[in-house]
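Remarks on the structure that follows.
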Amino acid sequence: MRIAFFDMDKTLLDVSSGIQFVKYLWRRRALTVGELASVVIISAQYSLNLMNFPKAMARLSSSIKGGSASNLKTLCDKWFEDELAPHIAPKAVARVREHEKAGEYAVLLSASTQFAVRPVAEHVDMPYCCTELAVERGALTGAVVGEPCFGAGKLYWAQRIAGERGASLKDCTFYTDSASDLPLMHAVGQPVAINPDRKLRAVARQRGWKIESFY
């Protein structure tokens, strides 16, 4: 069994879903100035390597603790229909179909939460693994279930998926734009950099990895 793993933001999508969602909430006046400032500060600290991903995710998810999971799902589904669906890259979807036609298992791996990833995966008709926000009795707890699907965590989930299907990562392909995914890129047999950021482009050139554009 061969597996083709696809990152979501700026790979299967031509944008960052997180940034798009914050803009969507702001336009709908669903965020206060203080809430927007908090998101910007946390994002800036993460971008400047002053905060790691698990801590940033914990800070962001704690801000919606106690909220209705059903309401968040409804909001994200509408956001996907209104704004995100057109950002699915046709070339990326075509590549997913190519792998499936070849008898391979194509799966979406994303650091984003289930509320953002599920509608994208369902639209493209592919299974997914993501960072899962905990829900108890219909309410968000502010915690993350298990290992966040980011960095080394994305490698962890890819290894689990491969193990469940009797596959070796050396027989797998991974498409991503981000250097944060280098742990998995180093582990697979066919790493492909898609519209890569500066660091990933440099590593890809140094190692002779494929560099492609989906958008």
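For the sequence shown, the working numbering assigns the number 942 to the initial residue and increments by one for each residue that follows.
The beta carbon of each residue, even a glycine, is placed where N, CA and C say it ideally should be.
For residue i versus residue j, is the C-beta distance shorter than 8 Å?
i: Val-1037; j: Ala-1047; result: yes
i: Phe-946; j: Phe-1056; result: no
i: Ile-944; j: Arg-1106; result: yes
i: Pro-1132; j: Ile-1152; result: no
i: Leu-1096; j: Ala-1033; result: no
i: Gly-1087; j: Phe-994; result: no
i: Asp-948; j: Thr-1054; result: no
Taking C-alpha atoms, which residue in the options lies nearest to residue i?
i: Val-1129; options: Ala-1108, Asn-1136, Gln-1147 and Ile-1135; result: Ala-1108
i: Leu-1025; options: Ala-1075, Leu-1110, Val-963 and Thr-1072; result: Val-963
i: Thr-1072; options: Arg-1078, His-1064, Val-1065 and Ala-1099; result: Ala-1099
i: Arg-1059; options: Ile-1135, Ser-1011 and Cys-1017; result: Cys-1017
i: Asp-950; options: Leu-1050, Gly-1104, Arg-1106 and His-1127; result: Leu-1050
i: Pro-1031; options: Asp-1118, Asp-1023, Val-1065 and Ser-1002; result: Val-1065
i: Ser-966; options: Leu-1013, Ile-1102, Met-942 and Trp-1150; result: Looking at the sequence itself, residue 966 is Leu, so the reference to Ser does not match. The candidate whose alpha carbon is nearest that of Leu-966 is Leu-1013.
i: His-1127; options: Met-998, Ile-1135, Asn-1136 and Ala-1145; result: Ala-1145
i: Pro-1068; options: Ile-1152, Lys-1095 and Ile-1102; result: Ile-1102
i: Gly-1044; options: Ile-1029, Cys-1113 and Arg-1148; result: Cys-1113
i: Glu-1041; options: Phe-1155, Met-942 and Arg-1148; result: Met-942
i: Val-1076; options: Ser-1002, Cys-1070, Arg-968 and Arg-970; result: Ser-1002
i: Met-998; options: Pro-1089, Glu-1063 and Arg-970; result: Pro-1089
Output the boundary residues of the beta strand (DSSP E) element that contains residue i.
i: Gln-1051; result: It should be pointed out that residue 1051 corresponds to Ser in this sequence rather than to Gln. Ser-1051 -> beta strand (DSSP E) spans 1046-1054.
i: Leu-966; result: Not the beta strand (DSSP E): Leu-966 falls in the alpha helix (DSSP H), residues 958-968.
i: Lys-1151; result: 1151-1153
i: Ala-1084; result: 1080-1086
i: Glu-1024; result: From DSSP, Glu-1024 is part of no beta strand (DSSP E); its letter is neither H nor E.
Hey, could you find the ends of the alpha helix (DSSP H) residue i is sitting in?
i: Tyr-1097; result: 1093-1105
i: Thr-1015; result: 1010-1020
i: Leu-1141; result: 1139-1148
i: Ala-1035; result: 1031-1042
Based on DSSP bridge pairs, tell me the residues matched to residue i.
i: Pro-1132; result: Phe-1115
i: Ala-945; result: Ala-1047 and Thr-1114
Legend entry - Given 8 Å, three or more beta-carbon pairs between the stretch 1138-1154 and the stretch 1105-1124: yes
Is it a yes or a no for the stretch 1072-1091 touching the stretch 1005-1015, going by three-plus beta-carbon pairs under 8 Å? yes
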